[in-house]
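These notes are about the structure you will find just below.
Protein chains: 2
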Amino acid sequence: MGERIDQNLRGSWSGDVGGLPVHALRWLSGRIGLAARRTPAAVDVTAGVSGLSAAAGEALGAVVGDGHVRVDPVSRLGRAGGLSYVDLLRYRGGGELAVPEAVVLPATPEQVVAVLGVCVEHDLAVVPFGGGTSVVGGVAALRGDKAAVVALDLGRLDRLVSVDPVSRIAVLQAGVTAPEAERLLSPHGLTVGHVPQSFERATIGGFAATRSAGQASSGYGRFEDMVEGVRVATPAGEWVLGSAPASAAGPDLKELVVGSEGVFGVITEVSVRVRPRPVVERYEGFVVDGWEAGTEVVRALAQRRVLADVTRLSDEDETEVSLALSGGVKAAGVRAYLKARGVKRPCLLVLGWHAGSEKELRARRAASVAVVRGAVRLGKPMGEAWRHGRFTGPRQRDALLDVGVCVETLETATHWSRLAELRDEVRRALTDALGRSVVMCHLSHAYETGASLYFTVLAAQDADDPVGQWRVAKAAASEAVAGLGTISHHHAVGVDHAPYLEAEIGGLGVEVLAAVKRVLDPTGVLNPGKLIASERFRG
Amino acid sequence: MGERIDQNLRGSWSGDVGGLPVHALRWLSGRIGLAARRTPAAVDVTAGVSGLSAAAGEALGAVVGDGHVRVDPVSRLGRAGGLSYVDLLRYRGGGELAVPEAVVLPATPEQVVAVLGVCVEHDLAVVPFGGGTSVVGGVAALRGDKAAVVALDLGRLDRLVSVDPVSRIAVLQAGVTAPEAERLLSPHGLTVGHVPQSFERATIGGFAATRSAGQASSGYGRFEDMVEGVRVATPAGEWVLGSAPASAAGPDLKELVVGSEGVFGVITEVSVRVRPRPVVERYEGFVVDGWEAGTEVVRALAQRRVLADVTRLSDEDETEVSLALSGGVKAAGVRAYLKARGVKRPCLLVLGWHAGSEKELRARRAASVAVVRGAVRLGKPMGEAWRHGRFTGPRQRDALLDVGVCVETLETATHWSRLAELRDEVRRALTDALGRSVVMCHLSHAYETGASLYFTVLAAQDADDPVGQWRVAKAAASEAVAGLGTISHHHAVGVDHAPYLEAEIGGLGVEVLAAVKRVLDPTGVLNPGKLIASERFRG
Chain Y
220 MGERIDQNLR GSWSGDVGGL PVHALRWLSG RIGLAARRTP AAVDVTAGVS GLSAAAGEAL
280 GAVVGDGHVR VDPVSRLGRA GGLSYVDLLR YRGGGELAVP EAVVLPATPE QVVAVLGVCV
340 EHDLAVVPFG GGTSVVGGVA ALRGDKAAVV ALDLGRLDRL VSVDPVSRIA VLQAGVTAPE
400 AERLLSPHGL TVGHVPQSFE RATIGGFAAT RSAGQASSGY GRFEDMVEGV RVATPAGEWV
460 LGSAPASAAG PDLKELVVGS EGVFGVITEV SVRVRPRPVV ERYEGFVVDG WEAGTEVVRA
520 LAQRRVLADV TRLSDEDETE VSLALSGGVK AAGVRAYLKA RGVKRPCLLV LGWHAGSEKE
580 LRARRAASVA VVRGAVRLGK PMGEAWRHGR FTGPRQRDAL LDVGVCVETL ETATHWSRLA
640 ELRDEVRRAL TDALGRSVVM CHLSHAYETG ASLYFTVLAA QDADDPVGQW RVAKAAASEA
700 VAGLGTISHH HAVGVDHAPY LEAEIGGLGV EVLAAVKRVL DPTGVLNPGK LIASERFRG
Chain Z
220 MGERIDQNLR GSWSGDVGGL PVHALRWLSG RIGLAARRTP AAVDVTAGVS GLSAAAGEAL
280 GAVVGDGHVR VDPVSRLGRA GGLSYVDLLR YRGGGELAVP EAVVLPATPE QVVAVLGVCV
340 EHDLAVVPFG GGTSVVGGVA ALRGDKAAVV ALDLGRLDRL VSVDPVSRIA VLQAGVTAPE
400 AERLLSPHGL TVGHVPQSFE RATIGGFAAT RSAGQASSGY GRFEDMVEGV RVATPAGEWV
460 LGSAPASAAG PDLKELVVGS EGVFGVITEV SVRVRPRPVV ERYEGFVVDG WEAGTEVVRA
520 LAQRRVLADV TRLSDEDETE VSLALSGGVK AAGVRAYLKA RGVKRPCLLV LGWHAGSEKE
580 LRARRAASVA VVRGAVRLGK PMGEAWRHGR FTGPRQRDAL LDVGVCVETL ETATHWSRLA
640 ELRDEVRRAL TDALGRSVVM CHLSHAYETG ASLYFTVLAA QDADDPVGQW RVAKAAASEA
700 VAGLGTISHH HAVGVDHAPY LEAEIGGLGV EVLAAVKRVL DPTGVLNPGK LIASERFRG
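Residue numbers (the numbering used here), protein chains in the order written: chain Y, 220 to 758; chain Z, 220 to 758.
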């Protein structure tokens, strides 16, 4: 039953995966001390025989139709994990891959409720699966104490249920991917405007379940800001929330569902706040001299409430890498241009505006640019370069793994007054753990009270224990984050951050989550091991 | 032990309570068929003997100091209710007044935790008490199944704990009143900007516990939007939440505390997002022809994201009453002016902007006014008239009660596409229940997807059963709201809306609240009877 799994089997990244340009590889080798190019070993990944009982399979088939309970290895391996570095290693044969016994594909919210009923009856753990783009182990096929585990693929819940153009609310099913949501809303002149790096594959349900934040979050808001209501299937029945744009009718229970990562229920439909499609977009590059000056610029943009829809500040290392990777004449030209203007520590700032008219765009741009006065303008080409490459990060990782690079990202957020310390501490933790490495950082989500930090780490892979190498580094970074910021600003908790959640929400917070879980999922079939350790959900 | 309770004993409304002008009274009498002016009967309100046991009193005194456990009738009667019409009637001897056995005044968050411990040990129900401005029974001294009930007055938690001017976060204790918060922040050049009608007395803790929305919510946000973090005392210990401006670390548990109305814990400190104090403010009046046209104007302002900080549209009846109450030459002049401009169904629209500079104000005003093009401008005097009277509503109610008027408000919110239906249905329900009456409505909180509706009701009081008269009308209005909007946009649930909450959040929602309650307040001492019926909290 061995299967060689091509990454392309696991989803639908559009375009080429491609390799790295030679000049980039040369630069990287120099920085992190990369060994000579290795050919990755061809390792078979095995799904094993499905342990789904015949009775359970029949019961599931009776709900969703026989063709929609899949036990073939390709289907099962394709829903065995997400896109973290460790997931990628596992798919290359490094580390153990938890493979679901079956993939179940319901077609309606009612079928999802019925599937959960079957899972309770047959002691099956259920892992809700959207685009499979989790980078924190959120879709790992863990079974907890259940007899078997199935992946609940929401791909057939792919409908635009309704549009209310007056209230600007669209009801979208959970399995609708981000590009498909845009395609469905386009004839109505509407957009969701949610553009995370996982855009090409991620789904509406996944965005809600993980509190996703897109690249244009300064303009369109985080995904939870876009959620007007939710429809949720739970083992205890359906739960529908959201009757008004705002309410004082007790605690906001919608906020308990959003971010619940499939442990309380399966989000089947989301009432999404939508906006008119922008008529014009413009992206521009600026360079600020030094990270501290750059964060002050972004803070001023946020606190004066003139943020661009996309606002993204790279630190010196990330800026250097961007230039190194772009290579050739262009990078040299930019470097000379900046040097001539006395910029010693260039930090790239990309701003992007969407608007309904040229006039509106000009007005908004002028308000932002007034705050960015001291920066060197690189103009539209640098902004467009960023836009062009905005989804390539995940693809480049495969190319980097091919040449023996340990490559991963992590992110956090904190108040402005702690931002510098948080960045320093995380960088130190990563560098101490990994030795010779490149740790880049950018700020891509800004608020009046603080901002996010996003780190990209590159190091030479430990050939003997690449998983262990990253685990040590990730633990060190997570310890550095705890107490200074949130363990995740937009990647969610999954398995990887679960050990750190209690430090953030307190023992009482964990007990509250466990109590909610017992109401909605009393037998604990839903996504065991995610968010908080399964044993905390009992009691 | 009989006590005549003056309303002024119960708080500190600044300025005159005052009476109604003669012309206004004449107009009102004609509209609602008011009987000849009555002198209200002087009814003694009785606190009764405090049932607090000596042991409990000593234990509480050991925590807060002997002078801070008060059992005198004036203290107890002063914390026996809020400011709903029924509360006002009760304070005038109509209907039963639940009076706490004692008033306990802790001075620190730690003392609040210790007080809760004493209450659990001595079987005392605890009603957290801030400004006492609830209009939904939120501070009624109900004891549930406990031996006695104490009011936990947070007035001594009156400190500005810290200010982080870089992150624009101020930590304020729960008992700080809104004006005091502004006074404390003023030297730092900062403001909360939260200005509900209860501004003069309401507290930071109360705002958070009830999801308050202020008159400038379009500019500053609802109070929950201003909450960066909370510190909560519960019988299970302290709970501190909020480490970043935004997070994907699981469900947002802060949103479970905000709006919990004292049933999960006592909010002792709030990390509040603050803003620079505005340098300039400007309020202007406009008149739109007809409610439907008016709501379309406000919807356009909201959806184009150019709302004024204060945005308030009165319907025809409220506009007529405003003119009638202002009386005299001014009203006649406005009527003639509007008639000359062909306005048939005048609806007053007040817009108010706050800004850091004249230039900024002009730019923001221009963006709003471009959308309001079709309206007749009444200019600054009408805007200033609204600002001048913005807190007088609660005071006028006392004057109206004095002359035998049933006067109450209620509010809701829904999506734009259901707004007209919601207003029609609530008006019909109130009019059917009350007969000859004035039902006024305004829209004062607008969002991209919908808006709030605020109703003010005036009718001749049923002299025999004024409480029963209002209960019937309120029930009819609440039934009309259920299914079309939220049972409360900013007044909260308290006792009055508790029967309607399940229709909004579902049976599962109630079970989830009950499960959270059992974790944080296992013996159920906290605010019995509020939010959801006490028996639902067991299970």
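Think of the CB as a built atom: it goes at the ideal place given N, C-alpha and C, for glycine as much as any other residue.
Taking all protein chains shown into account, decide if Z:His607 is buried (16 or more other Cβ within 10 angstroms of its Cβ) or exposed.
Walking along the second sequence from the start, residue 607 of chain Z turns up at place 388. Burial call: exposed.
Under the three-state reduction of DSSP, which class applies to Z:Pro328: helix, strand or coil?
The sequence position of residue 328 of chain Z within the second sequence is 109, counting from 1. Residue state, collapsed to three classes: helix.
Determine whether the Cβ of Z:Leu407 lies closer than 7 Å to any Cβ atom of chain Y.
By 1-based counting over the second sequence, the position of residue 407 of chain Z is 188. Here the sequence assigns His to residue 407 of chain Z, which means Leu is not the residue at that position. By this cut-off, Z:His407 is not an interface position.
Among Z:Ser353, Z:Gln434, Z:Glu511, Z:Leu239, which has the Cα closest to the Cα of Z:Pro415?
Sequence index remark: in the second sequence, residue 415 of chain Z carries index 196 (1-based). Out of Z:Ser353, Z:Gln434, Z:Glu511, Z:Leu239, Z:Gln434 has the C-alpha closest to the C-alpha of Z:Pro415.
Around the C-beta of Y:Ala639, are 16 or more other C-beta atoms found within 10 angstroms, so that it is buried, or is it exposed?
Translated into the one-based positions of the first sequence, residue 639 of chain Y becomes position 420. Exposed, since its Cβ has fewer than 16 Cβ neighbours within 10 Å.
Identify whether Z:Asp444 lies in helix, strand or coil by the three-state DSSP scheme.
Position 225 of the second sequence, counting from 1, holds the residue named residue 444 of chain Z. Z:Asp444: helix per DSSP, three-state reduction.
Alpha carbon to alpha carbon, what distance is there between Y:Pro741 and Z:Thr453?
Looking up residue 453 of chain Z in the second sequence gives position 234. Looking up residue 741 of chain Y in the first sequence gives position 522. Spanning the two alpha carbons is a distance of roughly 25 Å.
Alpha carbon to alpha carbon, what distance is there between Y:Gly743 and Y:Val339?
Working through the first sequence from its first residue, we reach residue 339 of chain Y at position 120. Working through the first sequence from its first residue, we reach residue 743 of chain Y at position 524. Rounded to the nearest angstrom, the two C-alpha atoms are 8 Å apart.
Should Y:Lys549 be labelled buried (16 or more other beta-carbon atoms within 10 Å of its own) or exposed?
On the first sequence, position 330 is the one that residue 549 of chain Y refers to. With fewer than 16 Cβ atoms within 10 Å of its Cβ, Y:Lys549 is classed as exposed.
Using DSSP bridges, identify the partner residues of Y:Glu500.
Reading the first sequence from its first residue, position 281 is the one you call residue 500 of chain Y. Paired residue(s): Y:His573.
For Y:Ser405, count neighbouring Cβ atoms within 10 angstroms of its own Cβ and tell me buried if that reaches 16, exposed if not.
Along the first sequence, one-based indexing puts residue 405 of chain Y at 186. Answer is exposed; the Cβ neighbour count stays below 16.
Whole alpha helix (DSSP H) runs in the region 276 to 357 of chain Z with 4 or more residues, listed along the chain?
List check, alpha helix (DSSP H) in window: 292 to 297, 304 to 310, 328 to 340.
Pick out whichever of Y:Glu630, Y:Pro685, Y:Lys693, Y:Trp635 has its Cα sitting closest to the Cα of Y:Ala652.
As a position in the first sequence, residue 652 of chain Y is number 433, starting the count at 1. It is Y:Lys693.
For the candidate residues Y:Phe756, Y:Arg755, Y:Ser753, Y:Lys749, whose alpha-carbon lies nearest to that of Y:Gly481?
Here residue 481 of chain Y is taken as the residue at index 262 of the first sequence, counted from 1. Of the listed residues, the one whose Cα sits closest to Y:Gly481 is Y:Lys749.
Quick test of your reading: Y:Gly394 and Y:Leu379, contact by CB under 8 Å. State the CB separation rounded to the nearest angstrom.
On the first sequence, position 175 is the one that residue 394 of chain Y refers to. On the first sequence, position 160 is the one that residue 379 of chain Y refers to. Wrong, their Cβ atoms sit about 12 Å apart, outside the cutoff.
7 Å is my cut-off, CB to CB: does Z:His708 come that close to chain Y?
As a working note, residue 708 of chain Z is residue 489 in the second sequence. So, interface residue.
Is any beta-carbon of chain Y found at less than 7 Å from that of Z:Ser233?
Taking the first residue of the second sequence as position 1, residue 233 of chain Z is located at position 14. Bear in mind that a pLDDT of 37 at Z:Ser233, under 50, signals an unreliable position, so the number given afterwards is only what the model happens to contain. Answer no: the Cβ-Cβ gap between Z:Ser233 and chain Y never drops below 7 Å.
State the DSSP-derived secondary structure class of Y:Gln522, mapped to helix, strand or coil.
The sequence position of residue 522 of chain Y within the first sequence is 303, counting from 1. Looking at Y:Gln522 - three-state DSSP - the assignment turns out to be helix.
Can you say whether Y:Ala585 is buried or exposed, counting buried as having 16 or more other CB atoms within 10 angstroms of its CB?
By 1-based counting over the first sequence, the position of residue 585 of chain Y is 366. Exposed is the call here.
Look at the alpha carbon of Z:Leu526 and the alpha carbon of Y:Ile388, and state the distance between them as a whole number of angstroms.
Taking the second sequence and counting its residues from 1, one reaches residue 526 of chain Z at position 307. Taking the first sequence and counting its residues from 1, one reaches residue 388 of chain Y at position 169. Near 19 Å, if we compare the C-alpha coordinates of Y:Ile388 and Z:Leu526.
For Y:Leu739, report the span of its beta strand (DSSP E) as first-last.
As a working mapping, residue 739 of chain Y is identified with position 520 in the first sequence. No beta strand (DSSP E) holds Y:Leu739; the alpha helix (DSSP H) holding it covers 717 to 739.
Spell out whether any CB of chain Z is found under 7 Å from the CB atom of Y:Asp471.
For the purposes of this step, residue 471 of chain Y is identified with residue 252 of the first sequence, where counting begins at 1. Closer than 7 Å to some Cβ of chain Z, the Cβ of Y:Asp471 qualifies, so yes.
According to the Cβ coordinates, are Z:Glu537 and Z:Met445 closer than 7 Å?
Within the second sequence, the letter at position 318 stands for residue 537 of chain Z. Within the second sequence, the letter at position 226 stands for residue 445 of chain Z. No, the Cβ-Cβ distance between Z:Glu537 and Z:Met445 is not below 7 Å.
So with Cβ pairs under 7 Å, would you call Y:Tyr439 a contact of chain Z?
Reading the first sequence from its first residue, position 220 is the one you call residue 439 of chain Y. No, no contact with chain Z.
State yes or no: is the beta carbon of Y:Ala711 nearer than 7 Å to at least one beta carbon in chain Z?
For the purposes of this step, residue 711 of chain Y is identified with residue 492 of the first sequence, where counting begins at 1. For Y:Ala711, the answer is yes, since a Cβ of chain Z falls inside 7 Å of its Cβ.
On the criterion of 16 or more Cβ atoms from any shown chain inside 10 Å, does Z:Lys736 qualify as buried, or is it exposed?
On the second sequence, residue 736 of chain Z is found 517 positions in, with the first residue counted as 1. Buried, by the Cβ-count rule.
At 4 residues or longer, what runs of the alpha helix (DSSP H) sit wholly inside the region 417 to 468 of chain Z?
423 to 429, 436 to 439, 442 to 445, all fully within the region 417 to 468 of chain Z.
Quick one: grab the DSSP three-state call for Y:Glu579.
Taking the first residue of the first sequence as position 1, residue 579 of chain Y is located at position 360. Helix, per DSSP.
Compute the Euclidean distance between the alpha carbons of Y:Arg229 and Y:Gly297, then round it to the nearest angstrom.
Numbered from its first residue, the first sequence carries residue 229 of chain Y at position 10. Numbered from its first residue, the first sequence carries residue 297 of chain Y at position 78. Any answer about Y:Arg229 is weak, because its pLDDT of 45 lies below 50 and its placement is not dependable; what the coordinates show is given next. Their backbone Cα atoms lie some 5 Å apart in a straight line.
Can you look up Z:Tyr666 in the DSSP assignment and give me helix, strand or coil?
Within the second sequence, residue 666 of chain Z is the residue found at index 447, counting from 1. DSSP places Z:Tyr666 in coil when its eight states are reduced to three.
Quick check: the Cα distance between Y:Leu239 and Y:Ala254, rounded to an integer number of angstroms?
Taking the first sequence and counting its residues from 1, the one referred to as residue 239 of chain Y is at position 20. Taking the first sequence and counting its residues from 1, the one referred to as residue 254 of chain Y is at position 35. Each residue's alpha carbon lies about 16 Å from the other.
Does the Cβ of Z:Val268 have 16 or more other Cβ atoms within 10 Å, making it buried, or fewer, making it exposed?
One-based indexing of the second sequence puts residue 268 of chain Z at position 49. With fewer than 16 other Cβ atoms within 10 Å, it is exposed.
Could you tell me the distance, in whole angstroms, from the CA atom of Z:Ala699 to the CA atom of Z:Val305?
Walking along the second sequence from the start, residue 699 of chain Z turns up at place 480. Walking along the second sequence from the start, residue 305 of chain Z turns up at place 86. So the alpha carbons of these two residues sit roughly 20 Å apart.
What is the DSSP secondary structure of Y:Ile224, counted as helix, strand or coil?
Taking the first residue of the first sequence as 1, we reach residue 224 of chain Y at position 5. With a pLDDT of 44 at Y:Ile224, under the threshold of 50, the modelled position of this residue cannot be trusted, and the question is left open.
Strictly under 7 Å for the Cβ-Cβ distance: is Y:Gly425 near chain Z by that measure?
Sequence index remark: in the first sequence, residue 425 of chain Y carries index 206 (1-based). Answer no: the Cβ-Cβ gap between Y:Gly425 and chain Z never drops below 7 Å.
Rank Z:Glu401, Z:Ser533, Z:Leu532 by C-alpha distance to the C-alpha of Z:Val491 and give the top, closest one.
In the second sequence, counting from the first residue as 1, residue 491 of chain Z sits at position 272. It is Z:Glu401 whose Cα lies nearest to the Cα of Z:Val491.
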